[in-house]
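Participant: In the UniProt record's numbering, the protein residues as written are 1 to 119.
Positions of the beta carbon are idealized from the N, C-alpha and C atoms, including for glycine.
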Amino acid sequence: AQINEAMSQLPEGIRDDPAPTDILSRVIGPDKYGQVHTYGMGVKPSEFFDEAPSRSELMVQNAVLREQLDDLHNKVDQVEANQAEKIRQLEASSKKVNELQVQINLLMDMIKNEEASGN
1 AQINEAMSQL PEGIRDDPAP TDILSRVIGP DKYGQVHTYG MGVKPSEFFD
51 EAPSRSELMV QNAVLREQLD DLHNKVDQVE ANQAEKIRQL EASSKKVNEL
101 QVQINLLMDM IKNEEASGN
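#1: Would you report the Cα separation of E57 and H73, rounded to the nearest angstrom?
#2: Rounding to the nearest angstrom, what Cα-Cα distance links A63 and V76 in this structure?
#3: Can you give me the start and stop residues for the alpha helix (DSSP H) that S94 sits inside?
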């Protein structure tokens, strides 16, 4: 009866598919020290649920993540530098191709002029 009453107090969207532990926890209350509901005495909640990491563990994780982030920033900088160098090389090659094309066009014009004047 208490479970049905608790379920009727849930909002409509949640009422359709509630997690049974939510309703059960509301009806029977929180677990007591050294007890997990439906598992009896002597069973610790930590055997079922992850405990929050300690401050020192979080600080170590933070340091590791910051180091990884720094490594990623360095790799991004390296990739950007490599790309910039490749772009410079492509621009230089493109400039050379354009210069050669101009020279080819001049030579073609000279050949046409020679052929026209020789006829």
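Facilitator: Reading it off the structure:
#1: The residue you call residue 57 lines up with position 57 of the sequence shown. The residue you call residue 73 lines up with position 73 of the sequence shown. When rounded, the distance between both Cα atoms is 24 Å.
#2: Taking the first residue of the sequence shown as 1, we reach residue 63 at position 63. Taking the first residue of the sequence shown as 1, we reach residue 76 at position 76. Approximately 20 Å between the Cα atoms of the pair.
#3: Here the question's residue 94 lines up with position 94 in the sequence shown. Per DSSP, the unbroken alpha helix (DSSP H) holding S94 starts and ends at R55 to G118.
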